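Undergrad: Here you go, one structure.
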Ligand code: GDP
Ligand code: MG
């Protein structure tokens, strides 16, 4: 396949809009997979992806397609849709001068109104209405047109097989038998079995054992050429050897490394601890492998008096955090303690001692335990995002109320047609990470869409709130919160905790506190629990369960089931 016959493309859209289904149809049309019912969302290989119906990891596949007598090699990258950033991604692609092919999906639905959607797209993105391709990914309608447009509109990669090898590592996985499998895109030269290559990042040298393309399973080939996308196995044993964004070149033919990737910025941080400290090393190696596979997760070592040695992890959002946790459980058999999620706040320090300690006067706080008190700070800052909501106009009132409740400031309001409105709001990030999307969906019967992008920091009146059980702090539930919201949130957390923990033999005080000041209190009387029956017996039973011990955490003299905290945080 000469470079002129290669096209590289990916599908960008919100979660659930049909990216993976469209990918399936493209794989079928090109004969890459057979047309059976078993092949649903083929690129979604992970268990968590199949269960949740979302793409977590971008997968690629090479498709072979004959168009007007020419054979084409089309490389498709299915993109993860776990962030609501389609609009922001559109502008990134637009600024990078990438070709954009507008596709309207789900035209088979009864209430589909593609004409209206085309007009909206024209208004929002300045794309002429006649450029949109109307498809049903589910039924396959017009999907072939998408392939033809890919060939017509997307230019072939600009690179040359005669140049020295320049291969970008854009993904990597670990196989128990074959070691590290690196997914690579060739920006120059060619690569084959037996060649000696060097990693620009680690400077380590390897001999290539196997190269091939992804269809979407690995299929060995003799060579990979400039412009192609495929995989490479080269005796890399440690997952850290194939870093995403690294450049590979031939031994003794060094090249200028590719710029790699701008790593996605974590928006949500949480502490992660092994349930049992003897599992620390196992969890450490599971984290190493999983973060190699998902480079958008950041990891810092951390420790806590109550929870022992652990980590502070950064995620793109709450769903990302949940998915990561689920993957740890399913793929690595690890159960962990996760603390309440927090966004990256900042503090401008006024205390000379602290400034000296940090070597700077502004610090980022990703852990409530490190929240500096107001006497050593001149200003706290919180991250914000610019949110775009598109909704049928009948929901505007409710949505505006919701946004105001989340401390958001309206920036724009535009009718994109006679019954659809686009609203832009500046939100404090922490107000949307947990459940904003759910709230928006439920009050608009699923019709409003939400999309956001980073919008810098703003000054904020922040405090740290602790939750106490009989006077002992529950580290999992400590949070940094806006002063105006502390009382209501403290009360709610105490109430929820009261509902969630099992009754014990003695009375328990559940309190929310800011410093030494108690702002909310619930008292949990001893006695028979809400499930009825004798408490002593119930506690004994819980303990006797094979896993009982692991599932309980003792805070002072109070025994709390591990999952109680998660249930409290998730607002079920
Ligand atoms: P993704 O999150 O963008 O990858 O979306 P999926 O491909 O997983 O699809 C989300 C849901 O929409 C699935 O239930 C699909 O069956 C459904 N879906 C996808 N395309 C169509 C379509 O053209 N018509 C209809 N009616 N449903 C579709
Ligand atoms: Mg998908």
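In UniProt numbering, the protein residues as written are 9 to 580.
For every residue, glycine included, the Cβ atom is placed at its ideal position computed from N, Cα and C.
A quick note: this is a predicted structure, and the numbers were derived from the prediction, not measured.
Is residue 359 helix, strand or coil by DSSP?
TA: One-based indexing of the chain shown puts residue 359 at position 351. The answer is coil: DSSP assigns residue 359 none of H, G, I, E or B.
Undergrad: For my contact list, residue 277 and residue 349 are in at a C-beta cut-off of 8 Å; report their separation, rounded to the angstrom.
TA: The sequence position of residue 277 within the chain shown is 269, counting from 1. The sequence position of residue 349 within the chain shown is 341, counting from 1. Between residue 349 and residue 277 the Cβ distance is about 7 Å, and since that is below 8 Å, they are a contact.
Undergrad: Just to confirm, is the Cβ distance from residue 507 to residue 534 under 8 Å?
TA: Position 499 of the chain shown holds residue 507. Position 526 of the chain shown holds residue 534. Cβ distance not < 8 Å, so residue 507 and residue 534 don't count as in contact.
Undergrad: Is residue 111 near the ligand GDP, in the sense that its beta carbon is under 7 Å from a heavy atom of that ligand?
TA: As a working mapping, residue 111 is identified with position 103 in the chain shown. Incorrect: residue 111 has no Cβ contact closer than 7 Å to the ligand GDP.
Undergrad: So, at 8 Å on beta carbons, what are the nonlocal neighbours of residue 564 in its own chain, with the 5 sequence-adjacent residues on each side left out?
TA: Position 556 of the chain shown holds residue 564. These residues qualify, in order along the chain: 477, 478, 479, 480.
Undergrad: Mind listing, in chain order, the continuous alpha helix (DSSP H) runs of no fewer than 4 residues lying wholly within the stretch 429 to 489?
TA: 438 to 441, 444 to 451
Undergrad: How would you call residue 417, buried or exposed, if buried means at least 16 neighbouring beta carbons within 10 angstroms?
TA: What you label residue 417 is simply residue 409 of the chain shown in a count that begins at 1. Exposed: under 16 other Cβ atoms inside 10 Å.
Undergrad: Tell me whether residue 24, by its Cβ, gets closer than 7 Å to a heavy atom of the ligand GDP.
TA: Counted from its first residue, the chain shown places residue 24 at position 16. Within the cutoff, so yes.
Undergrad: Are there 16 or more other CB atoms within 10 angstroms of the CB of residue 376, so buried, or fewer, so exposed?
TA: Working through the chain shown from its first residue, we reach residue 376 at position 368. Counting Cβ neighbours within 10 Å, residue 376 comes out buried, since at least 16 surround it.
Undergrad: With respect to the alpha helix (DSSP H) encompassing residue 98, which residues constitute its N-terminal and C-terminal limits?
TA: Sequence index remark: in the chain shown, residue 98 carries index 90 (1-based). Run containing residue 98: 94 to 103, per the alpha helix (DSSP H) assignment.
Undergrad: What's the gap between the Cα of residue 431 and the Cα of residue 123?
TA: Locating residue 431 in the chain shown gives position 423, counting from the first residue. Locating residue 123 in the chain shown gives position 115, counting from the first residue. Distance between the alpha carbons of residue 431 and residue 123 is about 22 Å.
Undergrad: With distances taken between CB atoms, is the gap from residue 344 to residue 283 smaller than 8 Å?
TA: By one-based count along the chain shown, residue 344 stands at place 336. By one-based count along the chain shown, residue 283 stands at place 275. Yes, these two residues count as a Cβ contact at 8 Å.
Undergrad: Compute the Euclidean distance between the alpha carbons of residue 554 and residue 561, then round it to the nearest angstrom.
TA: Here residue 554 refers to the residue found at position 546 of the chain shown. Here residue 561 refers to the residue found at position 553 of the chain shown. Residue placement at residue 554 is flagged as unreliable, the pLDDT there being 47, under the threshold of 50; a coordinate-derived value is accordingly withheld.
Undergrad: Please state the DSSP three-state secondary structure of residue 255.
TA: Counted from its first residue, the chain shown places residue 255 at position 247. Correct three-state label for residue 255: strand.
Undergrad: Evaluate residue 318 with the Cβ neighbour count: other Cβ atoms within 10 Å of its Cβ, from every protein chain shown; 16 or more gives buried, anything less gives exposed.
TA: As a first step, residue 318 must be located in the chain shown, where it is residue number 310. Residue 318 comes out buried.
Undergrad: Which two residues bound the contiguous alpha helix (DSSP H) that contains residue 332?
TA: Within the chain shown, the letter at position 324 stands for residue 332. Run containing residue 332: 326 to 340, per the alpha helix (DSSP H) assignment.
Undergrad: Identify every run of the alpha helix (DSSP H) within the stretch 359 to 383, keeping only runs that are complete inside it and at least 4 residues long; order them along the chain.
TA: The qualifying runs are 360 to 366.
Undergrad: Let me know if residue 100 comes out buried or exposed under the rule of 16 or more other beta-carbons within 10 Å of its beta-carbon.
TA: In the chain shown, the residue the question calls residue 100 occupies position 92. Result: exposed.
Undergrad: Is residue 421 buried or exposed, if buried means 16 or more other CB atoms sit within 10 Å of its CB?
TA: As a working mapping, residue 421 is identified with position 413 in the chain shown. Classification for residue 421: exposed.
Undergrad: Kindly examine the ligand GDP and report whether one of its heavy atoms sits closer than 7 Å to the Cβ of residue 312.
TA: Position 304 of the chain shown, counted from the start, is the residue given in the question as residue 312. No, since every heavy atom of the ligand GDP falls outside the 7 Å radius drawn around the Cβ of residue 312.
Undergrad: Exposed or buried, what is residue 147 when buried is set at 16 or more other beta-carbons lying within 10 Å of its beta-carbon?
TA: As a working note, residue 147 is residue 139 in the chain shown. Exposed, since its Cβ has fewer than 16 Cβ neighbours within 10 Å.
Undergrad: If you measure between the beta carbons of residue 441 and residue 307, is that distance less than 8 Å?
TA: Stepping through the chain shown from its first residue, residue 441 is reached at position 433. Stepping through the chain shown from its first residue, residue 307 is reached at position 299. No. Outside cutoff.
Undergrad: Using only alpha-carbon positions, find the residue among 24, 217, 468 that is nearest to residue 492.
TA: Taking the chain shown and counting its residues from 1, one reaches residue 492 at position 484. Closest option to residue 492, Cα to Cα, is 468.
Undergrad: Would you mind working out which of 309, 314, 312, 302 sits nearest residue 329, comparing C-alpha positions?
TA: One-based indexing of the chain shown puts residue 329 at position 321. Taking only the C-alpha atoms, the option nearest residue 329 is 302.
Undergrad: Is residue 2 near the ligand GDP, going by C-beta to nearest heavy atom under 7 Å?
TA: Residue 2 is absent from the model: the chain starts at 9 and stops at 580.
Undergrad: Let's test the definition: count the other Cβ atoms within 10 Å of the Cβ of residue 580 and tell me whether it reaches 16, buried, or not, exposed.
TA: In the chain shown, residue 580 corresponds to position 572, counting from 1. With a pLDDT of only 42 at residue 580, under the threshold of 50, the placement of this residue in the model should not be trusted; the figure read from the coordinates follows. Its Cβ having fewer than 16 others within 10 Å, residue 580 is exposed.
Undergrad: Please go through the stretch 144 to 217 and give each complete beta strand (DSSP E) segment of 3 or more residues, from N-terminal end onward.
TA: 174 to 183, 187 to 196, 198 to 200, 204 to 207, 213 to 215
Undergrad: Is residue 49 near the ligand ZN, judged by its Cβ being under 7 Å from some heavy atom?
TA: Here the bound small molecules are the ligand GDP and the ligand MG; the ligand ZN is not part of this structure.
Undergrad: Might you give, ordered along the chain, the residues of its own chain that have their beta carbon closer than 6 Å to the beta carbon of residue 198, omitting 5 neighbours on each side?
TA: As a working mapping, residue 198 is identified with position 190 in the chain shown. Counting only Cβ-Cβ distances below 6 Å, and skipping sequence neighbours, we find 169, 231, 233.
Undergrad: Out of curiosity, what's the CA-to-CA distance linking residue 572 and residue 347?
TA: As a working mapping, residue 572 is identified with position 564 in the chain shown. As a working mapping, residue 347 is identified with position 339 in the chain shown. For residue 572 and residue 347, the distance between alpha carbons rounds to 12 Å.
Undergrad: How long is the line joining the alpha carbons of residue 78 and residue 260, rounded to whole angstroms?
TA: Looking up residue 78 in the chain shown gives position 70. Looking up residue 260 in the chain shown gives position 252. Each residue's Cα considered, the two are about 37 Å apart.
Undergrad: Measuring only the C-alpha atoms, how far is residue 25 from residue 114?
TA: Taking the first residue of the chain shown as position 1, residue 25 is located at position 17. Taking the first residue of the chain shown as position 1, residue 114 is located at position 106. Straight-line Cα distance between these residues: approximately 8 Å.
Undergrad: Would you list the residues sitting across from residue 75 in a DSSP beta bridge?
TA: Here residue 75 refers to the residue found at position 67 when the chain shown is read from its first residue. Note: residue 75 sits in a beta bridge opposite 78.
Undergrad: Rank 297, 434, 32, 161 by C-alpha distance to the C-alpha of residue 458 and give the top, closest one.
TA: By one-based count along the chain shown, residue 458 stands at place 450. Checking every option, the nearest Cα to that of residue 458 belongs to 434.
Undergrad: Shorter than 7 Å, the distance from the beta carbon of residue 153 to the closest heavy atom of the ligand GDP, or not?
TA: Within the chain shown, residue 153 is the residue found at index 145, counting from 1. No.
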